[in-house]
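Asks:
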Amino acid sequence: MTANRGTPVTMAPEIIKGHKNYTSKCDIYSIGIIMWQIIARKEPYNLCSQQDGIALIWNVAARDKRPPNLSCNIILSRFYERCWHSDPDKRPTSEEVKEYFTILSKASV
1 MTANRGTPVT
11 MAPEIIKGHK
21 NYTSKCDIYS
31 IGIIMWQIIA
41 RKEPYNLCSQ
51 QDGIALIWNV
61 AARDKRPPNL
71 SCNIILSRFY
81 ERCWHSDPDK
91 RPTSEEVKEY
101 FTILSKASV
């Protein structure tokens with residue numbers, strides 16, 4: 001994967017920074033942000049203008065900005081936080097994500 005694709009709000013820092021050979025771990029990052037959005041029922045960042053979007057991209061890439069903490073099940077929050085870890089190697093694998101959602105679909109959270 002080499003082309004910048006996706007929505008800036010859910011884009012992994014390594015894509016924003018322009019790394020050329022990013023991996024599926026970028027998708028895992030996006031899953032973490034989307035999980036947060038579903039739980040919070042709102043956008044992760046308050047963007048009012050294009051200027052805000054540019055500032056967001058800078059804050060995610062250079063300052064490790066993430067959405068605010070939610071008051072939710074700690075198992076959920078720890079998982080989405082792992083997904084959006086700044087180090088791609090510390091994010092779960094796609095197999096771990098699949099397993100997590102399989103377990104989650106069978107449980108009451």
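The numbers in the UniProt record's numbering rise by one with no breaks, and the one at position 109 of the sequence shown is 109. Yeah, the Cβ is synthetic: ideal placement off N, Cα and C, and Gly gets one too.
Would Pro68 be called buried (16 or more neighbouring beta carbons within 10 Å of its own) or exposed?
Replies: When all chains shown are included, Pro68 counts as exposed.
Asks: Taking 6 Å as the limit between beta carbons, can you name the residues of its chain near Met1, skipping five residues before and five after?
Replies: At Met1, the pLDDT of 48 sits below 50, so the modelled position is not reliable and the matter cannot be decided from this model.
Asks: Provide the residue span of the alpha helix (DSSP H) that contains Gly18, from first to last.
Replies: First-last for Gly18: undefined, no H or E at that position.
Asks: Go ahead and pull the three-state DSSP assignment for Met1.
Replies: Reliability fails at Met1, whose pLDDT of 48 lies under 50, so the model's placement of it is uncertain and the value that follows must be treated cautiously. The answer is coil: DSSP assigns Met1 none of H, G, I, E or B.
Asks: For Lys90, which option in Thr10, Ile15, Tyr29, Leu56 has the closest C-alpha, if you only look at C-alpha atoms?
Replies: Tyr29
Asks: With DSSP as the reference, label Pro68 as helix, strand or coil.
Replies: coil
Asks: Compare the C-alpha of Pro88 against each of Asn73, Gly32, Pro44, Ala40 and name the closest.
Replies: Gly32
Asks: Within 10 angstroms of its Cβ, does Phe79 collect 16 or more other Cβ (buried), or is it exposed?
Replies: Residue environment analysis places Phe79 among the buried positions, since at least 16 neighbouring C-beta atoms fall within 10 angstroms of its C-beta.
Asks: So Ser86 packs on Pro8, CB below 8 Å; how close in whole Å?
Replies: Contact between Ser86 and Pro8 does not hold, since the beta-carbon distance rounds to 17 Å and is not under 8 Å.
Asks: Give me the residue from Ser24, Thr10, Met35 with the minimum Cα distance to Ser77.
Replies: Nearest in C-alpha terms to Ser77, of all of Ser24, Thr10, Met35, is Met35.
Asks: When DSSP labels each residue in this structure, what does Trp84 get in the three-state scheme?
Replies: coil
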